[in-house]
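Heads up: the structure comes next, in structure tokens.
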Amino acid sequence: MTVLRGASLILRPTVREDLRALAAIRATPEVRARWRGGDELEAEIAADLEDPGTRPLTIDHGQRIIGMIQWYAEDEPDYRHAGIDLFLDPTVHGRGLGTEAVRTLACHLIDVHGYHRLIIDPAADNTAAIRCYTKVGFRPVGIMRQYERGPDGTWHDGLLMDLLATELVRGEGLLNPSQG
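Numbering (my numbering), first residue to last: 1 to 180.
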């Protein structure tokens, strides 16, 4: 995959040199509460690099790594779709960068890879993430009860959201969103 450019950020394939910065972001309390992980976060992110089913992209903004967005595919022809996950450094929350990252990747997945449907599954109580994804055009499909185990060992609900290609809100200022 080549580099994807949004209006103010770049999504590029994650490389080993990114691991320390990404692990530091994953270790922040705000991110760690939403993303599972043990004490070896660098090793866990490195494992994502080796997983042929996951395509991790580092998010750069202003010459700085601010997070990671990844996608995976269900290529069974009768169910073909792609899914997205991401985390951002809490110091950049609330600036629209998550929306920009999701929109940039969504454009690429629809325009270049030909996916007609994308999914994302935030925690049901993660209102900021849900608001972000809604701005791109994702819609709630339903609550997935006791969907994932939290760091405290208790089960938490997830919200399945999807986006059809015809519902994508492309936004302004996207530079070559589908390059690649």
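Built from N, CA and C at the ideal position, the CB exists for glycine as well.
Here's the rule: buried if 16 or more other CB atoms are within 10 angstroms of the residue's CB, otherwise exposed. What is G173?
Any reading at G173 needs caution, since the residue's pLDDT is 45, under 50, leaving its predicted position unreliable; the model's value is listed next. With fewer than 16 other Cβ atoms within 10 Å, it is exposed.
State buried or exposed for T14, treating a residue as buried only when at least 16 other CB atoms are found within 10 Å of its CB.
Per the 10 Å Cβ criterion, buried.
Alpha carbon to alpha carbon, what distance is there between V136 and Q179?
Residue placement at Q179 is flagged as unreliable, the pLDDT there being 40, under the threshold of 50; the coordinate-derived value follows with that caveat. Distance between the alpha carbons of Q179 and V136 is about 19 Å.
Could you tell me which residues DSSP pairs with P140 in its beta bridges?
Answer by DSSP bridge pairing, in chain order: M161.
Taking the alpha-carbon positions, what's the L118 to G142 distance?
Whole-angstrom Cα-Cα distance: 15 Å.
Which class does T99 belong to by DSSP, given the choice of helix, strand or coil?
Of the three classes helix, strand and coil, the one that applies to T99 here is helix, per DSSP.
Taking its Cβ as the centre, do 16 or more other Cβ atoms sit within 10 Å of V3, making it buried, or is it exposed?
Exposed: under 16 other Cβ atoms inside 10 Å.
According to DSSP, is D51 helix, strand or coil?
Looking at D51 - three-state DSSP - the assignment turns out to be coil, as it is neither helix nor strand.
For M144, collect the residues of the same chain with a Cβ closer than 6 Å to its Cβ; drop the 5 residues on either side in sequence, then sort them by chain order.
Closer than 6 Å at the Cβ level, and outside the excluded window around M144, lie G158, L160.
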